Amino acid sequence: MAVSNLVKQFGRFAALRGVSAEFAPGRLYAILGDNGAGKTTLLRTVAGLARPTRGTVTLLGSNEIRAVCHRIGYMAHPSLLYDEMTGMENLRYFASLYGVADDRRCADAIRAVKLDPGLERPVGQYSQGMRQRMSLARALLNDPEILLLDEPFSNVDIHSAQEMVGLLAAMRKSGKTIFVVTHQATLLENVADEFVWMDAGQIVKRTQQLAVST
Amino acid sequence: MNKAPNITAATLVKDIRLEWRSKDAINAMLFFSLLVVVIFSFAFDPRAEESRQIVGGLVWVAFLFAAVVALNQTWARELRNQVLDAYRVSPAPANSIFLAKALGNFLFVVILEGLMTPLFVVFYNLRALGPVWQMVPVAALGTWALVVNGTFFSAMSLRTRSREIMLPLLLFPISIPALLAMVRATSAVLTGEESTSFWIALLVAYDVVFTIVSLFLFETVLQAE
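Take a look at the structure:
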């Protein structure tokens, strides 16, 4: 993945100010920075949810995100799930959007995040941690090559967060490229290949270790 | 493989399931329509000959206002937990979700019409003097006209601050030709004084034009920030 001179403006406010960077495949990147640094905007722009004011995003060899969106998984801060439906019903529906009509794939995605596919409760009655994990399962449905995760550990207890980190490490090992926007960088200390620091809409440094920059 | 019909079907089933569990739209529509039936039955003498002339307008205005309630719900559901973003990042075609939403709204409004029509007949002592079967194409085409535009404009007003107000402001003016055709065709069936064929042809043309335009423009509306 590469971004070149990426600018994103909301009215007069520039959320991204000429971000240029290249990211190698099969690595886990932790994107860090204060609130308003542009982390989520960068992720949303790469996911195709926000159109850049200027600049380009190149994903899997294409400048056209729609052409490769079936190879990307996206998890946002909100769950992107229907509260009134069960986890399995949610995943069945979202799988259909990717042309996946396979209940086993949905059940496997739910099991991968350590939840029970047979759970009859609607997602609205899940705990925050369960909802986050179900949201991750949704992002994994299409077996993506690139995974974009926005605050996957927020409001999640430490045990669940550590389980999710373990899962991310396993996915990185299987060759997926993972971008994690987070404020809980220490969780990724031993897992992330690189820490990308953002401030005021720009990437200000990239480090191999968390401690160097804190 | 063409996935679009499968995605439309899956989205339609999902919407029916959500409505079945919440009953948000159907309850609000029923309550509103019942109110109109009861209040207007007090406002004028329903046994009078004139009721045949005015009930066509009354019925369709009641259904239009009630439909707006369902139409406002249709996308609001997708905003909770930002579920619409999950659709936007997927390779699913925009037209599939639009068609599913329009079909779902059509179904909900048709159910409302099916439940409310007997009440209108009883409360306003209606006996049609023209061919009653012609109400079937009039109702089907008219309802589609309302929901196809309503689904489109509801999506358009999704990100505006006062979307509940914006939808009627956009929908009502553009629905005037269809409403006129529905009212005149209904009055024609009730009074038996004129043919409905012109009004049905007008509704067919209106539906074809607005369905094509909505399908053509919906991708832009869905991907708008």
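Those sequence lines, one after another, are chains A and B. Sequential numbering from 1 applies to the first sequence in this note's numbering. Sequential numbering from 1001 applies to the second sequence in this note's numbering. Think of the CB as a built atom: it goes at the ideal place given N, C-alpha and C, for glycine as much as any other residue. Here the structure is a predicted model, which means the values were calculated and not measured.
Bridge partner(s) assigned by DSSP for residue i
i        : result
F10(A)   : F13(A)
L149(A)  : M75(A), V180(A)
P1131(B) : None, per the DSSP bridge assignment.
I31(A)   : V181(A), V196(A)
A2(A)    : E22(A), T58(A)
P122(A)  : T86(A)
Q202(A)  : D199(A)
Exposed unless 16 or more other CB atoms sit within 10 angstroms - verdict on residue i
i        : result
N1081(B) : buried
K173(A)  : exposed
K8(A)    : buried
T1160(B) : exposed
A1086(B) : buried
N90(A)   : buried
G1056(B) : buried
F1210(B) : buried
L1018(B) : buried
R206(A)  : exposed
N1149(B) : buried
D1015(B) : buried
D1045(B) : exposed
Three-way DSSP call (helix, strand, coil) for residue i in this model
i        : result
T207(A)  : strand
S213(A)  : Only weak support exists for where S213(A) lies, its pLDDT of 48 falling under 50; the coordinates are left without a value.
F179(A)  : strand
W197(A)  : strand
T40(A)   : helix
T1196(B) : coil
Y93(A)   : helix
Y1206(B) : helix
Y98(A)   : coil
G48(A)   : coil
P117(A)  : coil
L80(A)   : coil
L1146(B) : helix
F1152(B) : helix
P1137(B) : helix
S1214(B) : helix
F1042(B) : helix
Residues near residue i by beta carbon distance below 7 Å, same chain, minus five either side
i        : result
Q1073(B) : D1024, A1025
E145(A)  : L60, R71, K176, T177
E1225(B) : none
P52(A)   : L6, V7, K8, T45
L1084(B) : E1078
Y126(A)  : M134
F94(A)   : R138, L141
E120(A)  : T86
Cβ shell of residue i (< 8 Å), same chain only, five flanking positions each side left out
i        : result
D193(A)  : R27, L28, Y29, R172, Q208
V1038(B) : F1123
Spatial neighbours of residue i in its chain, beta-carbon cut-off 6 Å, leaving aside the 5 residues before and after
i        : result
S4(A)    : S20, G55, T56
A1094(B) : F1218, E1219, L1222
A37(A)   : M198, D199
A1100(B) : T1008, T1011, L1012
E189(A)  : L210
T1151(B) : K1101, A1102, N1105
G124(A)  : D83
Start-to-end residues for the beta strand (DSSP E) that takes in residue i
i      : result
V57(A) : 54 to 58
The alpha helix (DSSP H) enclosing residue i, as first and last residue numbers
i        : result
M130(A)  : 128 to 140
C69(A)   : Element bounds for C69(A): n/a, residue is neither H nor E.
R1052(B) : 1050 to 1079
T1117(B) : 1094 to 1123
E64(A)   : Taken as a continuous stretch (DSSP letters only), E64(A) belongs to no alpha helix (DSSP H), as it is neither H nor E.
T1186(B) : 1163 to 1191
T1160(B) : Neither: T1160(B) is in no alpha helix (DSSP H) and is coded neither H nor E.
P1005(B) : 1004 to 1022
G166(A)  : 158 to 173
A1224(B) : First-last for A1224(B): undefined, no H or E at that position.
V191(A)  : Premise fails: V191(A) is in no alpha helix (DSSP H) and is neither H nor E.
D108(A)  : 103 to 112
L1084(B) : 1083 to 1088
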